[in-house]
Amino acid sequence: MTRPAAELQTLIGYTFKDEQLLKLSLTHSSAKKKSNYERLEFLGDRVLGLIMAELIYHRFPEESEGDLGRRLAPLVQGATIAQISAKINLADFIILSDAEKAAGGRANDNILSDVYEALLGALYLDGGLEPCRKLITQHWTGVLEVMIRPPMHPKTEVQEWAQGRGLPLPLYEIVKQSGPDHAPSFEIELHIEGFKPARAEGRSRQDAEKEAALKFISQNIREKK
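Take 810 as the starting number for the sequence shown in my numbering and just add one per residue.
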């Protein structure tokens, strides 16, 4: 059962002046083809990128542009946003069609990520940057605190790991491509000889390859250190 949006306002510590914005940010396209969160997600993605860039700019004053960029990428990627959504139980508030619910939509990382960004978009339109900054700081502080050094790009990490063990270079294969031209979805499989393929989805080929590399890392590299 979908929890009422009013409970989410209590959870995030913000009361919307326009509650219809909040409801729209939680509405998946399977529930309403036209009045859904997609436009708010577009806006929220930019809000998240701006505020996260501001946070790391001030937190790491000695770092170069390149180092800051390497920090920013994993912080705003779909997998990280989905984890934040899961921690605050945002899935409970998403408005989905019955078919999407049955297909496991509430556990879909892409949907969880999209809804969080849509929520930020709605927050920005309703209250400006400050409530967005407050929410992002609250949810990402723990993630930032464990970032001792700029992370390596996941594809680079996988490649260097494979080369260090005398393995063939990673192969990224498009398994499936779907969706309209303006909003495609890619499914990628990462293959390294002797290991189970890692499969992931993304809104671009680059995003899907990065997510597949992250999945391979979690399954085969970091857990075995």
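Beta carbons: idealized from backbone N, C-alpha and C, even for Gly. Only a predicted model underlies this, so the values are computations on that prediction, with no experimental measurement involved.
| query | result |
| --- | --- |
| C-alpha gap between L859 and L881, whole angstroms | 10 Å |
| C-alpha distance - L817 paired with L831, whole-angstrom precision | 9 Å |
| Same chain, Cβ closer than 8 Å to A971, five either side skipped, listed in chain order | P977, L978, P979 and I1001 |
| Rounded C-alpha distance that separates A927 from E872 | 31 Å |
| Endpoints, beta strand (DSSP E) assigned at E863 | From DSSP, E863 is part of no beta strand (DSSP E) but of the alpha helix (DSSP H) over E847 to R868. |
| L1036 and V952 closer than 8 Å at C-beta | Since the displayed the chain opens at 810 and closes at 1034, residue 1036 lies outside it and no answer follows. |
| Sequence ranges, alpha helix (DSSP H) only - wholly within the region 905 to 983, length at least 4 | 907 to 911, 918 to 936, 938 to 954 and 963 to 973 |
| Start and end residues, beta strand (DSSP E) containing G1011 | A1007 to G1011 |
| L820 to A912 span [Cα, whole Å] | 27 Å |
| Which residues DSSP lists as bridging E996, in chain order | K985 and E1010 |
| Where K1033 falls: helix, strand or coil (DSSP) | Residue confidence is low: K1033 scores 49 on pLDDT, short of 50, so the model does not pin down where it sits. Its coordinate-derived value is still stated next. Correct three-state label for K1033: helix. |
| R848, buried or exposed, once every other Cβ within 10 Å from all chains shown has been counted against 16 | exposed |
| Cross-strand partners of T836 (DSSP beta bridge) | I904 |
| Rounded C-alpha distance that separates V967 from N898 | 31 Å |
| Among G887, E909 and G937, the one whose alpha carbon lies nearest that of Y925 | G887 |
| Straight-line Cα distance separating G930 from A834 | Residue identity check: residue 834 is Ser in the sequence provided, not Ala. Whole-angstrom Cα-Cα distance: 8 Å. |
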